[in-house]
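**Student:** Numbering (our numbering), first residue to last: 6 to 126. Below are the structure tokens for one structure; questions will follow.
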């Protein structure tokens, strides 16, 4: 029984999120090469997690959530036959890792700033 995964599964019940998945998927799928590997998808997902500036202007207003990224990249991985990461829980784990990385960077920056502040006194 996998209870942990069920707790963190983003459910798409919001119509706006569902539409965002379709629009983002259609755009990315049309721009990606026929053959794409896991590392390329991972980097693209991370980039979209960080900023929407890489998207065309008309797509920057999409509601991009953890669930939207998860479902979009799961669909792309399946259609592009990327075996390493094709399930919803695979992409949830990747996005959770982004969040952990982001949080650890913030803590590291705070610690570094504190050290610099203290060393200047």
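Where a beta carbon is used, it is the ideal one built from N, C-alpha and C, also for glycine. Please read all numbers here as calculations on a predicted model, not as lab measurements.
(1) Taking 8 Å as the threshold (C-beta atoms), are residue 48 and residue 81 in contact?
(2) To which residues of the same chain is residue 68 closer than 7 Å at the C-beta, ignoring the five residues directly before and after it?
(3) Nearest-angstrom Cα distance between residue 97 and residue 53?
(4) Going straight from the alpha carbon of residue 83 to that of residue 58, what length do you get?
(5) Using a Cβ-Cβ cut-off of 7 Å (strictly less than) and excluding sequence neighbours within five positions of residue 92, which residues of its own chain qualify?
(6) Return no unless some Cβ of chain B is closer than 8 Å to the Cβ of residue 87.
(7) Helix, strand or coil for residue 82 per DSSP?
(8) As a quick exercise: from 104, 74, 94, pick the residue whose alpha carbon is nearest that of residue 30.
**Tutor:** From the atom records:
(1) no
(2) 21, 22, 25
(3) 14 Å
(4) 26 Å
(5) 79
(6) The structure shown contains no chain B, having only a single protein chain.
(7) helix
(8) 74
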